[in-house]
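Asker:
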Amino acid sequence: MYRTTKHFFITNSLECELCISPNDLHHKNVWYYSWIGNSNNLSLIEENDYFYVSSLDLSLTIINMDESKSGFYQCKLSNSEAGPYFIELINDTKELIIDVDKK
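Position one of the sequence shown corresponds to residue 146 (the working numbering), numbered consecutively onward.
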């Protein structure tokens, strides 16, 4: 696991770190989320005004990051899953800590 600290004001993108074939790029339902206290119950993220899944690489863009979007994020495709991201907004300065568990 490694930890990075970043400063975000508008958006953040998370990479789907799976081996993706061109045939897989049509999938949009690949990102799952759980709030901080409940990492065992991941729910599918649907695209809306705050979440966008890229058709180029299946990365997840989070727009207007705030405390309500803190939690666990994980990319899953077929029977494969990437290591989860843990994102927590530290305070009102928009300092964000991202932990990534590499499998």
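Virtual Cβ for every residue (Gly too), placed ideally from N, Cα, C.
Could you check where the beta strand (DSSP E) with Ile181 kicks off and where it finishes?
Answerer: Ile181 -> no beta strand (DSSP E), and no H or E assigned at all.
Asker: Would you mind stating whether Lys173 and Val198 have Cβ atoms separated by less than 7 Å?
Answerer: Contact flag set, yes.
Asker: Please state whether the Cβ-Cβ distance between Tyr218 and Tyr178 is less than 7 Å.
Answerer: Contact: yes.
Asker: If we call anything under 7 Å between Cβ atoms a contact, is Leu170 one with Leu222?
Answerer: For Leu170 and Leu222, no; Cβs fall outside 7 Å.
Asker: Excluding the five sequence neighbours on either side, which residues of its own chain have a C-beta within less than 6 Å of the C-beta of Ser158, listed in chain order?
Answerer: Around Ser158: Ser204, Thr206.
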